[in-house]
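Contents: one structure, followed by commentary.
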Amino acid sequence: MTTSASGAQGHRGIAVALAILGWAAKFIAVVLVIATFAFVLVKAAPGDPAQVMAGQTGAADERMLAQIRQEYGLDKPVIVQLGTHLKRVLTLDLGFSYRQRQPVSTLILERLPATLLLTGTAFLLALFSGILLGTLAGLRAGKWSDTLLTVISLILYAMPVFWLGLMMVLLFSVQLGWLPAFGYQTIGVTMGPFARMLDVASHLVLPAVSLAAIYLAIYTRLMRASVIEVAHQDFIKTARAKGLTQSRIITGHILRNAILPVVTIAGMQASALVGGAVVVETVFAWPGLGRLTYEAVMQRDYPVLLGIFLVMSVLVIVLNLVTDAIYRLIDPRVTTRATN
Amino acid sequence: MNRREFAKLAAAAGVAGAAEIPWGITRAVGQTRGGTLNAIIQPEPPVLVTAINQQQPTLTLGGKIYEGLLRYSTDLKPMPGLAQSWTISPDARTYTFKLFPNITFHDGKPCTAEDVIFTCTKMLMETHPRARGTFQRVEKAEAPDPLTVVFTLKEPFAPFLSSFDCTTTPIQPKHIYDGTDYRNNPANARAIGTGPFKLKEWVRGSHIHLAKHEGYYRQGEPHLDEIIYRIIPDAASRSVALEKGTVQLTQWTDVEFFDVTRLKGLPHLEMTTQGYELFAPHLWVELNNRVAPMNDKRFRQAVAHAIDKTAMKNRVFFGLGKEATGPISSKTRFYDGNVKKYEYSLEKARALLDDMGLKAGPGGKRVTIKFLVVPFGEIWQRIAEFVRQSLGRVGIEVVLEGTDVAGWGQKVSNWEYEMTSNLLYQLGDPALGVSRTYVTSNIRKGVLFSNTQGYSNPEADKLWEAAAVATDDAKRQELYSQVQKIVVEDMPVVWLIEQDYPTFYDKKLKNVITSGIGVHETFGAVRFG
Amino acid sequence: MDTIRAFSRHPSGMIGLAILLVVLVLAVLAPVLYPEDPWEMVGRPFAPPLTDGFLLGSDTLGRDVAAGIIHGTRVSLTIGVTSTLAAVLIGVLIGAMAGYWGGRVDDFLMRVTELFQTIPGFILAILLVATLGPSLVNVIVAISVVSWPPLARLTRAEFLRLRGREFVQAAACQGETPLQVVLRHILPNAISPIIVTGSLTIASAILIESALSFMGLGDPNAMSWGFMVGAARTVIRQAWWMSVFPGIAILLTVLAINLLGEGLNDTLNPRNARSGRH
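Protein chains in written order, with the numbering used here: chain A, 30 to 369; chain B, 2 to 530; chain C, 30 to 307.
See below:
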């Protein structure tokens, strides 16, 4: 999205509008391509959803299968089904779940807050702690604390997310009893809104930390390298020569510049983060979209699967936009650069 | 655990959760009427109308809302349900049921013989495959007066009287459903039945709240004021809820098998495996009888000898269940244990395979068979792993094939598999739940839970058919004893375990399991203290 | 030679190499160390480590955890290496076409790559394995399908950088076919960053495989580390050893490959090395 630095207010408005339009067109194209891709994939798979639904009743006959196929339009040609599917997607109608007998959008909206809470917390946790720890390590490059941080981040980076989660359950829930092991909130206790918030927060700690760990490791290492690089550049030396205090130099100059590559990478990893949520939600029985994905895959619940796939992809695009915005906030050069 | 800590915090914060539903036992001390039962439902049912959906959770909840004409004791004898009495004509073709007076639906309208006839001859014929199997045998159904229903059968069908429990024949309101699209009737959301409890509130993903049906026809019932079914998807959380007494009842697979021993030891809990007799889930290894070498009964017998059922029961099911001996479960009527025994013996298995000419090649391998793993959870994975290791010992190499639910259903129902495992309910009578797996007439491509392995023995077919239409129990027993001997010799599938499921309930809770459908019962008589 | 000498002076790289060698030796020696099938129910279920002759304990069916870990080494390494090779092949092919031809081809291919980077990779992998069916081959296919985009981007960048160089132009002028130019002149000069990224891809492939197996989407006939942790998850309160040891195996292997990859990076691409070392 470029903004013209030279133009008058009117030109600027048109440019912005065009940029938004362009972005929206691209967005819709991506959504349609993903929708088609997922549809083809799911259709190519063996297995008849009518069989699943019939099978779950413990008894089935041809008549019931035919009824179900007709009810869900499964008796129509595939191309017609694809057309119907794409048309619906464009009108934000994600269809109806065979298995759950509910609209897909309802199912997804029910689960979305939990996933947003988890991925959002993990993302921010990883980003801020990574920047903090990376800065510490970078400023103390070569000292023992730097070495320790480097070793820890290397180990975190090599850890399977699900295993880290389980080990934390083992330590903090089973052994120490500090934090709840599973779920989203305590069941069986009546509590007010504030207490409920605390309760959810306590359930959030372990999953969020597990999900954040690997990214925390990445950002720490990146930030460390970046800080070391920036600290040796000329403008820092100039600032020092001007007699600025060490803390002013760190916050005003080093951080501001060193953060940029970290933010860029963070944006690029949004899709990995969202994918990682599936595993974490499985480990911690977190009632989000990730678990819904898994259930839908196992039950061959096409509409739910297609819906989640779309929503997750949109989530990634949005996260990319957010990092883009953060980048702009931090880096004043970005607008002028765009006009080149 | 920290949960207590947070409960304290909640209290300290002084915020009352008025909107929340009470947990635990709320009844005052010494009171035997009233109170709230907290139970678990897993997974969340898609709908509560049991006439439309017959998944397990739907049936558990629907049992409180809908009733059948009869109930069945744990040894599967009929008892009064909506019908207070019944008579069978000497030619065994006419069944007359007398309903209790003053039965009302939850919307206040009376429930009469017309509703029964509508349910059995119209609605269930459309929506309930299992009931359809029974009621297609009805020639005519009449209501000489509002409290009398007379069914006349085309020919005698002995298990007819076994088909009136609330899971097979839930009586539906004619005034709501007649002439409508049953599956899409908006009243499905209200779930209107005659049961002692009615739907009060359903918060998706959280709980289903049932409240007392004030106009219930049985005096003094129900004892409880309400039942709240909590949806708790995570197994560990379910165990915790039971342990802490926040729920007072779990059933089926709510509690994982490995947790049973630990929970059984808790002083406030009672555990029983009774109340599943009507279902009597029977687990077996299914071998496609069309495929060599499984088309040879010696091979199937060898498989039976090679699997140590007791070890499987102990390792996979943590001791729950009973070794199966044949097609009919010992919990079902007409079981006969006096059949050929297939004890665990690798020598016998090897001898049978040698006899067939399946000689061991290099590395001791005789043949490779693909085993389609049932995708319904970890326990099925363990069963498959157990079978693979067992058969490997006698030179049958088993390769596991993973699949999803739809893929499994498709491959098994279209006979595109070699070996898999399967679990079927026996439904109270061999003619309802057992013969369907073995008779030639039920080899139907594309239909799951039919005779998918393709076993066919004309002699057995005749006996199954004769036993279904015979009306004298002694005669039926004789026929079923004969057919069990034949089928056990032929070994069309390799029976493993008569599965038991643990029902846990709080010791203060009385009359929980009163019939062969256990937790699916109405719970009108369930009470605290 | 210089490279090898440089690498041998790279401490963390050498540590990685050493761990990896141990893992490789274990994989090779698996049939000797544990001749019994790792699926065999050899003893008492739920036996803690160092009891009943189990070094690392037994699982819920009485299978030897140590045997499972040793045999699992083969599965993890096979899947890691094979799927990475496939991903490198796809990535280099697409990246090379995009970088060499540029223009519309580049535009189109980069759109496709971007699309694959937008789709959450792990969810796509789940979808692929679930629809194709869980088997070794399908797991490899799924992992390579989600792993190639970074390799394609890298290759493209290298090709863009090298395309305009004089020696490439010269080769083209002398009448070499595009294929010859690519294979003889561009690819050899782009190979070292590809090797480094490829080695790191092995590590992530092993992680993806373990996560798929953990969720029950692995090959049911392959004893893999992720499967072991997944099967032990529900009994973690009763039996910690069933999930702890296989996890350590994954951790060490992935760590070793990462260390090795960084060592290679520092020695092969000194200009790219993000060095904190002075």
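All C-beta atoms, glycine included, are put in the ideal place defined by N, C-alpha and C.
In this structure Ile-108 of chain C touches Ala-234 of chain C by the C-beta definition: roughly 7 angstroms separates them, less than 8 angstroms. Think of a sphere of 7 angstroms around the beta carbon of Asp-235 of chain B: the chain A residues whose beta carbon falls inside it are Phe-211, Gly-212, Ala-314, in chain order.
Here Thr-515 of chain B carries a coil assignment [DSSP, helix/strand/coil]. Take Met-126 of chain B, set aside five residues on each side of it, and the residues of its chain with a beta-carbon closer than 8 angstroms to its own are Ala-132, Arg-133, Phe-136, Gln-137, in chain order. Arg-94 of chain B sits close to Leu-154 of chain B, with the two beta carbons spaced by under 7 angstroms. The count of Cβ pairs closer than 8 angstroms, one atom from the stretch 199 to 216 of chain B and one from the stretch 459 to 472 of chain B, stays below three, leaving the stretches out of contact. Using a CB distance cut-off of 7 angstroms, Val-203 of chain A counts as an interface residue toward chain C. DSSP lists B:Thr-37, B:Ala-212 as the beta-bridge partner residues of Glu-227 of chain B. Residues are counted here when their Cβ sits less than 8 angstroms from a Cβ of chain A; for the stretch 44 to 57 of chain C the count is zero. Assignment of beta-bridge partners to Lys-412 of chain B by DSSP yields no partner. Non-local beta-carbon contacts of Leu-177 of chain A in its own chain, meaning distances under 6 angstroms to residues more than five positions away in sequence, are absent.
Annotation: Cβ neighbours of Gly-91 of chain C in chain B (cutoff 8 angstroms, chain order): Arg-316. Shown here, Pro-74 of chain C sits in coil according to DSSP, grouped into three states, outside any helix or strand. In this structure, B:Pro-174 is the residue among B:Pro-174, B:Trp-381, B:Thr-453 with its C-alpha nearest to the C-alpha of Asn-186 of chain B.
Straight across, the Cα-Cα distance linking Gln-382 of chain B with Glu-402 of chain B is about 10 angstroms. In this structure, the CA atom of Leu-392 of chain B is about 11 angstroms from the CA atom of Glu-69 of chain C.
Rounded to whole angstroms, Val-520 of chain B and Ile-514 of chain B show a C-alpha spacing of 7 angstroms.
Per DSSP, reduced to three states, the secondary structure at Asn-423 of chain B is strand. At a cut-off of 7 angstroms between beta-carbon atoms, Ser-238 of chain B makes contact with chain A. Secondary structure at Arg-437 of chain B: helix, using DSSP grouped into helix, strand and coil.
Residue contact check for Gly-434 of chain B against chain A: no CB pair falls below 7 angstroms. Assignment of beta-bridge partners to Ile-42 of chain B by DSSP yields B:Ile-232.
Contact between Met-271 of chain C and Met-257 of chain C holds, with the beta-carbon distance rounding to 7 angstroms and staying under 8 angstroms. Beta-bridge pairing by DSSP links Trp-87 of chain B to B:Phe-98. For Gly-162 of chain C, the chain B residues whose C-beta falls within less than 9 angstroms of its own C-beta are Glu-402, Gly-403, Thr-404, Asp-405, Gly-408, listed in chain order.
The alpha carbon of Leu-510 of chain B has as its nearest neighbour, out of B:Thr-326, B:Ser-238, B:Phe-529, the alpha carbon of B:Phe-529. Any Cβ of chain A closer than 7 angstroms to the Cβ of Trp-177 of chain C would place that residue at the interface, and such an atom is absent.
Around Val-151 of chain B, the same chain offers Thr-97, Glu-143 as residues with beta carbons nearer than 6 angstroms, after the five sequence neighbours per side are excluded.
Rounded to whole angstroms, Asp-81 of chain C and Arg-477 of chain B show a C-alpha spacing of 52 angstroms. When secondary structure is reduced to three states using DSSP, Glu-386 of chain B falls in the helix class. Per the coordinates, the alpha-carbon of Gly-272 of chain A lies some 59 angstroms from the alpha-carbon of Ala-67 of chain A.
By the criterion of a C-beta distance shorter than 6 angstroms, Tyr-244 of chain A is surrounded in its chain by Ala-155, once the five residues flanking it on both sides are discounted. By the CB criterion at 7 angstroms, Val-50 of chain B and Ala-192 of chain B fall inside the cutoff. Against chain B, the CB of Glu-139 of chain A has a partner CB under 7 angstroms away; the residue lies at that interface. At a C-beta separation below 9 angstroms, Val-307 of chain A has these neighbours in chain C: Pro-149, Phe-151, Ile-152, Ile-155, Ala-240, Met-244. Rounded to the nearest whole angstrom, the CA to CA distance from Lys-314 of chain B to Leu-497 of chain B is 9 angstroms.
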